[in-house]
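> Taken in order, these protein sequences are the chains called A and B. In terms of the numbering used here, the first sequence has 134 at position 123, counting the first letter as 1, and numbering is strictly consecutive. In terms of the numbering used here, the second sequence has 41 at position 30, counting the first letter as 1, and numbering is strictly consecutive. Virtual Cβ for every residue (Gly too), placed ideally from N, Cα, C. Attaching a single structure in structure tokens format; questions to follow.
Number of protein chains: 2
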Amino acid sequence: MFRKRGANFLLTLSATVLVVFFAPTAAGPGIPEIKAYLNGIDTPNMYGASTLFVKIIGSIGAVSAGLDLGKEGPLVHIGSCIASLLGQGGTDKHRVKWRWYRIMNNDRDRRDLITCGASSGVCAAFRSPVGGVLFALEEVATWWRSAILWRTFFSTAVVVVVLRAFIEFCSSGKCGLFGNGGLIMFDVSNVTVHYNMMDILGVALIGLIGGVLGSLYNYALHKVLRLYSLINERGKLAKILLSLTVSIFTSVCLYGLPFLVGCTKCDPSISKFECSTTGRTGNYKRFNCPKGYYNDLASLLFSTNDDAVRNIFSTNTPGEFHSVSLVIYFVLYCILGLFTFGIAVPSGLFLPIILIGSAYGRLLGIAMGSYTKIDRGLYAVLGAASLMAGSMRMTVSLCVIFLELTNNLLLLPVTMLVLLIAKSVGDCFNPSIYEIILELKGLPFLDANPEPWMRNISVAELADVKPPLISLRGLEKVSRIVDILRNTTHNGFPVIDDDVTVPSSEGTKARELHGLILRAHLVAVLKKKWFLNQPRKTEEWEVRQRFSWVELAERDLDFEQVAISKNEMEMYVDLHPFTNKTPYTVVEDMSVAKAMVLFRQVALRHLLIVPKYQGAGIYPVIGILTRQDLRAHNIQTVFPHIAKTKGREKQK
Amino acid sequence: MFRKRGANFLLTLSATVLVVFFAPTAAGPGIPEIKAYLNGIDTPNMYGASTLFVKIIGSIGAVSAGLDLGKEGPLVHIGSCIASLLGQGGTDKHRVKWRWYRIMNNDRDRRDLITCGASSGVCAAFRSPVGGVLFALEEVATWWRSAILWRTFFSTAVVVVVLRAFIEFCSSGKCGLFGNGGLIMFDVSNVTVHYNMMDILGVALIGLIGGVLGSLYNYALHKVLRLYSLINERGKLAKILLSLTVSIFTSVCLYGLPFLVGCTKCDPSISKFECSTTGRTGNYKRFNCPKGYYNDLASLLFSTNDDAVRNIFSTNTPGEFHSVSLVIYFVLYCILGLFTFGIAVPSGLFLPIILIGSAYGRLLGIAMGSYTKIDRGLYAVLGAASLMAGSMRMTVSLCVIFLELTNNLLLLPVTMLVLLIAKSVGDCFNPSIYEIILELKGLPFLDANPEPWMRNISVAELADVKPPLISLRGLEKVSRIVDILRNTTHNGFPVIDDDVTVPSSEGTKARELHGLILRAHLVAVLKKKWFLNQPRKTEEWEVRQRFSWVELAERDLDFEQVAISKNEMEMYVDLHPFTNKTPYTVVEDMSVAKAMVLFRQVALRHLLIVPKYQGAGIYPVIGILTRQDLRAHNIQTVFPHIAKTKGREKQK
């Protein structure tokens, strides 16, 4: 037994070392970062080859170390990594330069691919193809097009066909535990579900408790993660020590606690080979008991997490688990779940929550006793579903995932009820767990709906409190560009031409809003040193000759290496060819709420504010809005009087 | 037998008369109109009480008349009608005027309610809650927010709980055929699905044929519907005669064709009570055969459509149906399906397509013979799924609907494969059936993606070919408003003030784009005769005193009744309080494609085009774009040279 614990310790150590030294972004589930990416926030090094490698190896290590974490979140991240690498044709260093790859090399297709990868991950984790599609739709994706729907559907279809082929191949037991349970992981279809109106009350109670527990879990996890971030700031050694402490604590609990409960006599109707075994799987573990007896807590603790779920979900076995064992199990996994999630290994949230939820569900089933006709195994299923909904606040996708996990369609109405109640109750207390993690990580996630108070501020007021606008001329001096790039961190600049002749009315001179230029393009021009002695407009072919399509698509912002001589500083650049001539604009009077709807729906990075007046001497741009300007939190900082009216009136 | 046919005739007559005289909008499935409504196109009298009533009664009549049409589409429409009536608190004439109803009385909430209604309809039709949610998402809705996801989920949850309660109540046979099949309508879960790689080929073949047949069906239905629209234009009598002809033809075929096939001896393993019955339900109908024998075609034709599906789907009955009977059935229902859909009764497309598809699927199963291990009933299921996907081009929702109809989760991988192949093959030939109907009805549906050639036209070019812009001043003469309302049909006008002092730079005079005013508000002002003797700016309280919130929310465009005297014609109106001060704008250089993305994503009705120049003498608005201006078809009419590059390059 101690050898086994030692192995757990080493596995945890190697997973942590891999993560800490080679790919820190591989820690945790990765789902919040994917969600943020699809919202328009790129986390660096998130989808690289090293992350993928560490995530796979680390996740295997962490799960087999017996830690209380799941492989579901990591699988979603792994799917996204593979999708991203396939989409760009290899790693950043070794990349296939095929021509047809370029048509996919844009932000939208990359987002689509990563969405497909995420849904494939869920599909592989739960063997749930439709659930995977819905998970991507409900939880991960920000923008949804009908094309993504069938693309994700296609990728999960491929996953499930491959999975099935492997299961077929492994059915003779060649592959260890793989394929256990077939395509349905936790089958409860052998129970015919009968329930009457009284049972609905019990089910509603599960949902209620699930919602309360779920939001409590979110609250506690938030506190633990904040504590952990303080520890993790101390350096790599602190991270490793933290992981090892958790690992030792887990091992001690798993090995020690079964001694607390007594032995149970095997039900004579069960064959001797099934009851009281010492193998890896099976519902009845002998542990410290004599032959013919089993230790029910050991049956839960000494198996893989998947098998533990299968044991708790097991139906037609009303007396198998005692309430004392289940209470110990529930409390233990609450503690383990909270303290394991934040350590520096790849870890998923799904399975820990399912374990806690199923334990309390089965407990509730025992407590209901003869008042209910529903099997205790089904109570465990519903408990798991309710805690998931209470913590993650998903509905449709969880419903389908549970349907595909348990293969009992007649359970659908009650599952829906439980999920809706748990989600609604949870929403009264705090946001979902992923939103909490997003905020902890400081990712500027753009919410779907503007806060109601945003209607009372205009974009011009918002522009007023920002630093003054910096704009460029179409024919600009090199020195000014260098100056601006050095002294600001903006990513986009409006380009404005003075004294342009308006084609429609000859003779009229006016200012022209030529468009918006990106920092990356300014850097590209400086790097190529495409400077002109005179300020003159260039022809299109001149630009094409110098800049390839690929070069302009690169987003290279590293400007420090460029050395520009004094002579060159006095030269000019024609910015017109690099300018996006049709930026999206809003009129100065528009409310922030309305601008935010535009910003998010059209998926913008920069939004120009134009004046509502038209006349001589009026500057054609008032300001520029970015994602950070439109975040509720940032607006409240500059308009403190608004913060008072905040509350939780946000329209969901 | 002739009495039965007479009853069918009368039922068809009454359904048609109801539809023709009381609610012409109740004809057909109603799904295309709901789809259009959620895209922003309101069909008049679509969700009224009379439509609801006629749809319910008419649908019952049409289905019980034995016509080849389903109740699924009508149920979706019924759900939407109920949702709409609930949302506005009653019919247009008798409406509850509760205060809290007003918070729901806006376009967005009305759209949400109708989406919920549609998903509840699908849920009720197929007893498929998750399928209903996905149908609303994939096929019906244009804009999707995460809030709608759990709202539709909630409504389908309520539907399924109510359904289950009724099924429980009716389980003793009190309610006739209701509740047959329980929550799972066509249960095929008793077959264990085993298939190998060879079977996948057969399955791919089903998908291929389904795609080809589905697009052929769409093509033929398009032709028939065009023919029917010529007939229907002749008046009400023509409509009624058409319905009755179809009814008689159906009756003759249903009664006459079973004589063509011979009798089959009952399988001795089946009990006498099951084989060779004369009742309403059952798999084996005796018809013209002696005792102990059954007529397999009569078994299909003499039962309700639901039972026919159940019979064709029936598993473990390899020899029950002969291929001759199935061929006759297939051809008959192809003809009936095409010619029944367009008649003036409430009719759904789902069931006819399922019937045709299941027949050809089972035929294919028989043809495969010993090459396949998959049951012939499952072939029928897959055939039905493939034809649906080939005609309607849905994937995820169909997959879940079929899963919930048949309760066999192990069939999921093959179903997904079939659906994807059928959809992809169908997409090569023509658009989906709903898109075809939308185009036939002339509804200006706004597609999700702009056509690629739209990138080559700027919005200014589009504005150039439109009639000149009509704009109003903030303080406008009554006579000019009346004049404009009489001579144009525009629904929105820009409001522009001349010679305004710009607050930021004192002394500068400029033109101000004050905003956009709606025709409905101009009519409201004229009706109230809120005229001023002098052109002066009014105060906010003056407006509040005269116009209630509700009056301004009304969309009353009827302007003819307003009598305005000559004196009043010389007076002024202050339009400022009624103007939307922050219309969405685009710069003149923007491509039509980009403008269309904005237009659709933010769900606009009017989009102002502003100049990129800023200077004296430049008019602040260049043009105004509406839904009609952005439709691909309309642009091609005014830019004929573009039409050549069209092709089918549209990015799906």
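By how many angstroms is the C-alpha of B/THR593 removed from the C-alpha of B/MET580?
The residue given as residue 580 of chain B occupies position 569 in the second sequence. The residue given as residue 593 of chain B occupies position 582 in the second sequence. Between B/MET580 and B/THR593, the alpha-carbon positions lie close to 29 Å from each other.
> Could you tell me the alpha carbon to alpha carbon distance between B/ASN207 and A/ALA400, rounded to whole angstroms?
Counting from one through the second sequence, the residue named residue 207 of chain B turns up at place 196. Counting from one through the first sequence, the residue named residue 400 of chain A turns up at place 389. Their Cα atoms are separated by approximately 38 Å.
> Using alpha carbons as the reference points, say which of A/ALA37, A/THR54 and A/GLY98 lies closest to A/PRO85.
Here residue 85 of chain A is taken as the residue at index 74 of the first sequence, counted from 1. The option with the nearest alpha carbon to A/PRO85 is A/ALA37.
> Count the CB pairs spanning the stretch 249-257 of chain A and the stretch 26-43 of chain A that are closer than 8 Å, and state whether there are at least three.
yes
> Suppose the cutoff is 8 Å on Cβ atoms and the five residues either side in sequence are ignored; what does the same chain contact list for A/SER490 look like?
Taking the first residue of the first sequence as position 1, residue 490 of chain A is located at position 479. Around A/SER490: MET580 and GLU581.
> Report, in whole angstroms, the separation of the C-beta atoms of A/PHE298 and A/PHE313, which I expect to be a contact under 8 Å.
For the purposes of this step, residue 298 of chain A is taken as residue 287 along the first sequence, with counting starting at 1. For the purposes of this step, residue 313 of chain A is taken as residue 302 along the first sequence, with counting starting at 1. About 7 Å separates the two Cβ atoms, so the contact holds.
> Would you decide whether B/VAL670 is buried or exposed? Buried here means 16 or more other CB atoms lie within 10 Å of its CB.
With chain B represented from 12 up to 663, any question about residue 670 of chain B goes unanswered, as that position is not in the structure.
> Near B/GLY485, what residues of its chain come up, given a Cβ to Cβ distance below 6 Å and the 5 sequence neighbours on each side ignored?
Taking the first residue of the second sequence as position 1, residue 485 of chain B is located at position 474. Answer for B/GLY485: VAL506, ASP508, HIS525, LEU586 and HIS587, listed in chain order.
> Tell me, which residues are paired with A/THR275 by DSSP?
As a first step, residue 275 of chain A must be located in the first sequence, where it is residue number 264. Note: A/THR275 sits in a beta bridge opposite A/TYR305.
> Would you check if there are 3 or more beta carbon pairs closer than 8 Å linking the stretch 302-312 of chain A to the stretch 264-283 of chain A?
yes
> For B/GLY213, tell me which candidate among B/TYR445, B/GLU472, B/GLY628 and B/ALA378 has the shortest Cα-Cα distance.
Position 202 of the second sequence, counted from the first residue, corresponds to residue 213 of chain B. Checked all of B/TYR445, B/GLU472, B/GLY628 and B/ALA378; the closest Cα to B/GLY213 is B/ALA378.
> Among B/ASN418, B/VAL513 and B/GLY218, which has the Cα closest to the Cα of B/SER397?
One-based indexing of the second sequence puts residue 397 of chain B at position 386. Answer by Cα proximity: B/GLY218.
> Got a sec? Which residues, its chain only, sit under 8 Å from B/GLY72 by beta carbon, not counting five neighbours each side?
Mapped onto the second sequence, residue 72 of chain B falls at position 61. Contacts found: LEU22, THR23, SER25, ALA26, LEU29 and VAL356.
> How should B/GLY330 be labelled, buried or exposed, when 16 other C-beta atoms within 10 angstroms of its C-beta is the threshold for buried?
Against the second sequence, residue 330 of chain B aligns to sequence position 319. Burial call: exposed.
> Could you check the C-alpha separation between B/MET607 and B/LEU615 for me, to the nearest Å?
The count along the second sequence starts at 1 and reaches residue 607 of chain B at position 596. The count along the second sequence starts at 1 and reaches residue 615 of chain B at position 604. Spanning the two alpha carbons is a distance of roughly 10 Å.
> If we ignore side chains and look at the alpha-carbon of each, how far apart do A/VAL664 and A/VAL632 end up?
Limits of chain A in this structure are 12 at one end and 663 at the other, which puts residue 664 of chain A out of reach.
> Touching or not, the stretch 510-524 of chain B and the stretch 451-471 of chain B, by the rule of three or more beta carbon pairs under 8 Å?
no
> Please decide whether A/LYS276 counts as near chain B, where near means a Cβ-Cβ distance under 8 Å.
The residue labelled residue 276 of chain A in the question sits at position 265 within the first sequence. By this cut-off, A/LYS276 is not an interface position.
> Assign A/TRP552 to buried or exposed, taking buried as 16 or more other Cβ atoms, counted over all protein chains shown, within 10 Å of its Cβ.
Taking the first sequence and counting its residues from 1, the one referred to as residue 552 of chain A is at position 541. Counting every other CB atom within 10 Å of its CB across the protein chains shown gives A/TRP552 a total below 16, marking it as exposed.
> What residues from chain B crowd round A/TRP155, counting only those whose CB sits closer than 7 Å?
For the purposes of this step, residue 155 of chain A is taken as the residue at position 144 of the first sequence. Per Cβ cutoff of 7 Å: TRP155.
> Going along chain B, which residues have a C-beta under 7 Å from A/PHE165?
The sequence position of residue 165 of chain A within the first sequence is 154, counting from 1. Simply LEU431.
> What in chain A is Cβ-close to B/LYS623, meaning under 7 Å?
The count along the second sequence starts at 1 and reaches residue 623 of chain B at position 612. Below the 7 Å Cβ cutoff, chain A contributes GLU523 and LEU524 as neighbours of B/LYS623, in chain order.
> Against chain A, does B/ARG121 count as a neighbour if the rule is that its beta carbon must be under 8 Å from one of theirs?
On the second sequence, residue 121 of chain B is found 110 positions in, with the first residue counted as 1. B/ARG121 is outside the set of residues whose beta carbon lies under 8 Å from a beta carbon in chain A.
> Please decide whether A/VAL202 counts as near chain B, where near means a Cβ-Cβ distance under 8 Å.
For the purposes of this step, residue 202 of chain A is identified with residue 191 of the first sequence, where counting begins at 1. Closer than 8 Å: no.
> Going straight from the alpha carbon of A/ASP79 to that of A/ALA319, what length do you get?
Position 68 of the first sequence, counted from the start, is the residue given in the question as residue 79 of chain A. Position 308 of the first sequence, counted from the start, is the residue given in the question as residue 319 of chain A. Each residue's Cα considered, the two are about 11 Å apart.
> Who pairs with B/ASP585 in a beta bridge, going by DSSP?
Taking the first residue of the second sequence as position 1, residue 585 of chain B is located at position 574. B/ASP585 is bridged to B/LEU486.
> Using the C-alpha atoms, what's the distance from B/ALA531 back to B/ARG577?
What you label residue 577 of chain B is simply residue 566 of the second sequence in a count that begins at 1. What you label residue 531 of chain B is simply residue 520 of the second sequence in a count that begins at 1. The question names Arg, but residue 577 of chain B is Lys in the sequence shown. Taking the straight line from one Cα to the other gives about 23 Å.
> Note the first and the last residue of the continuous alpha helix (DSSP H) segment covering A/THR256.
Counting from one through the first sequence, the residue named residue 256 of chain A turns up at place 245. Residues 247-267.
> Do A/ILE45 and A/SER91 come within 8 Å of each other at the CB atom, strictly closer than that value?
On the first sequence, position 80 is the one that residue 91 of chain A refers to. On the first sequence, position 34 is the one that residue 45 of chain A refers to. A contact, by the Cβ cut-off of 8 Å.
> Would you list the one or two residues that DSSP bridges to B/LYS434?
If you number the second sequence from 1, residue 434 of chain B lands on position 423. The partner list for B/LYS434 (beta bridge, DSSP) is empty, contrary to what the question assumes.
> By the DSSP assignment, the alpha helix (DSSP H) with A/HIS525 in it spans what residues?
As a position in the first sequence, residue 525 of chain A is number 514, starting the count at 1. First-last for A/HIS525: 520-529, but that is the beta strand (DSSP E), not the alpha helix (DSSP H).
> Do we get a CB-CB distance below 8 Å when we pair A/VAL598 with the residues of chain B?
Taking the first sequence and counting its residues from 1, one reaches residue 598 of chain A at position 587. Taking Cβ atoms only, chain B reaches closer than 8 Å to A/VAL598, which makes this a yes.
> Residues of chain B with CB under 8 Å from A/VAL511, in chain order?
Within the first sequence, residue 511 of chain A is the residue found at index 500, counting from 1. What A/VAL511 touches in chain B: TYR624.
> So for B/TYR624, helix, strand or coil by DSSP?
Walking along the second sequence from the start, residue 624 of chain B turns up at place 613. Reduced to three states, the DSSP call for B/TYR624 is strand.
> From which residue to which residue does the beta strand (DSSP E) around A/VAL506 run?
Residue numbering aside, residue 506 of chain A sits at position 495 when the first sequence is read from its first letter. 503-512 is the span of the beta strand (DSSP E), which, as asked, contains A/VAL506.
> Between A/VAL199 and chain B, is any beta-carbon pair separated by less than 8 Å?
Here residue 199 of chain A refers to the residue found at position 188 when the first sequence is read from its first residue. No, its Cβ sits nowhere closer than 8 Å to a Cβ of chain B.
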